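Quick note: the sequence shown, position 49, residue 49 per the UniProt record's numbering, numbers continuous.
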Amino acid sequence: MMLRTDGLVAGYVPEVDILGGVDVELREGEIVTIVGPNGAGKSTLLKAVFGLLKPRAGTIVLRGESIGGSRTHDISRAGVSYVPQLGNVFPSLTVEENLELGALARKDVDVGEREEAMYAMFPRLAERRRQPAGTMSGGERQMVAMARALMPSPEILLLDEPSAGLSPEFVEVIFAKVAEINGHGVTVLMVEQNARRALAMSNRGYVLDLGRNRFEGPGRALLDDPRVAELYLGGGVRPPQAG
1 MMLRTDGLVA
11 GYVPEVDILG
21 GVDVELREGE
31 IVTIVGPNGA
41 GKSTLLKAVF
51 GLLKPRAGTI
61 VLRGESIGGS
71 RTHDISRAGV
81 SYVPQLGNVF
91 PSLTVEENLE
101 LGALARKDVD
111 VGEREEAMYA
121 MFPRLAERRR
131 QPAGTMSGGE
141 RQMVAMARAL
151 MPSPEILLLD
161 EPSAGLSPEF
171 VEVIFAKVAE
181 INGHGVTVLM
191 VEQNARRALA
201 MSNRGYVLDL
211 GRNRFEGPGR
221 ALLDDPRVAE
231 LYLGGGVRPP
241 QAG
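So, in structure tokens, the structure goes:
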């Protein structure tokens, strides 16, 4: 078990809980996807895990050690990286400078070696290493954000809506990169609006609703569950047509 939350309660303003007791498990080598309607608490869960939001109750355990309420940089040094949905690059800095900042989380990282590994994984970034990130397309910026998060060689990658707002071409590229990253041994916990595509490639998935667990199971089993399809995937059983 790499990461586990038990009864996690968290929110942004006093006495208003966005998460009302969420249980999630992430095992080594998995891709696990969190889906659910807007306002279900999906992004809040990732922020709590990464120390951006202090839990009000419950536990967050990383490899057997409690990290609930720990500082973000301590969680990063423990092997967890996070790619937020918005504001995930430094727009005035070049691709190369963005990557170099990503390596600051760990002093024992060979920055040059990691940069070359990222350029090998994301060849488009190698071609644009001197280009300011803010002048790039949305898909290219997402690649920069993912590459920067991978610079310190994390064991766990938290991804918040990696395909949001991207063209269909880049959606497929980003999902392929998630699979490639996982193939290199990085365990992935992902929140994703494209639920069908994400669950299809996931070992397991969780459906959150109103800050609580609603369904969980293997990714493809959730896709095939008519209750999940009808309520959350827009694919309920169609009524027979007359005539």
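A virtual CB, placed ideally from N, CA and C, is assigned to each residue, including glycine. Owing to the predicted nature of the structure, the values given are computational and were not obtained by experimental measurement.
### Query
By a C-beta neighbour count over all protein chains shown, 10 Å radius and 16 as the cutoff for buried, is Y232 buried or exposed?
The residue labelled residue 232 in the question sits at position 232 within the sequence shown. It counts as buried.
### Query
What three-state label does DSSP hand N213 in the structure shown?
To locate residue 213, count along the sequence shown from 1; it is residue 213. Taken through DSSP and simplified to helix, strand or coil, N213 comes out as strand.
#### Entry: Meets three-Cβ-pair contact criterion under 8 Å: the segment 27-38 and the segment 90-106
As far as the Cβ criterion goes, the segment 27-38 does not touch the segment 90-106, which means the pair count is below three.
### Task
Grab the span of the beta strand (DSSP E) containing R196 for me, first residue to last.
Taking the sequence shown and counting its residues from 1, the one referred to as residue 196 is at position 196. Note, R196: premise wrong, no beta strand (DSSP E); alpha helix (DSSP H) at 195-200.
### Message
Considering only their Cβ atoms, is the gap separating I75 from N182 smaller than 8 Å?
### Response
For the purposes of this step, residue 182 is taken as the residue at position 182 of the sequence shown. For the purposes of this step, residue 75 is taken as the residue at position 75 of the sequence shown. Contact annotation: N182 and I75 have beta-carbon atoms that are not nearer than 8 Å.
### Query
Taking buried to mean at least 16 other C-beta atoms within 10 Å of its own C-beta, is G243 buried or exposed?
As a first step, residue 243 is located in the sequence shown; it is residue number 243 there, counting from the start. Residue confidence for G243 is low, a pLDDT of 31 falling below 50, so the modelled location carries little weight and cannot support an answer.
### Closest by C-alpha distance to V49, when choosing among M201, M2, D225, A200
Start at 1 with the first residue of the sequence shown, and residue 49 comes out as number 49. Checking every option, the nearest Cα to that of V49 belongs to M2.
### Task
Can you tell me which of P55, V188, I18, A40 puts its alpha carbon nearest to the alpha carbon of T5?
Within the sequence shown, the letter at position 5 stands for residue 5. Distance from the Cα of T5 is smallest, within the candidate group P55, V188, I18, A40, for P55.
#### Entry: Run of the alpha helix (DSSP H) containing V35, from where it starts to where it stops
If you number the sequence shown from 1, residue 35 lands on position 35. No alpha helix (DSSP H) contains V35, which is instead part of the beta strand (DSSP E) from 31-35.
### Query
Closest by CA to L159, which one among E192, L125, R148?
Here residue 159 corresponds to residue number 159 of the sequence shown, with the count starting at 1. With distances taken between Cα atoms, L159 lies closest to E192.
### Query
Can the beta-carbon of S153 be found closer than 8 Å to that of R114?
Along the sequence shown, one-based indexing puts residue 153 at 153. Along the sequence shown, one-based indexing puts residue 114 at 114. The answer is yes: Cβ separation under 8 Å.
### Residues that DSSP places opposite E65 in a beta bridge
Taking the first residue of the sequence shown as 1, we reach residue 65 at position 65. E65 is bridged to L62.
#### Entry: C-alpha distance - G11 paired with A57, whole-angstrom precision
Counting from one through the sequence shown, the residue named residue 11 turns up at place 11. Counting from one through the sequence shown, the residue named residue 57 turns up at place 57. The alpha-carbon atoms of G11 and A57 are separated by roughly 10 Å.
### Message
Would the segment 118-126 count as touching the segment 190-209 if we require 3 or more Cβ pairs under 8 Å?
### Response
Touching, no.
### Range of the contiguous alpha helix (DSSP H) that encloses D74
To locate residue 74, count along the sequence shown from 1; it is residue 74. For D74, the uninterrupted alpha helix (DSSP H) segment begins and ends at 72-77.
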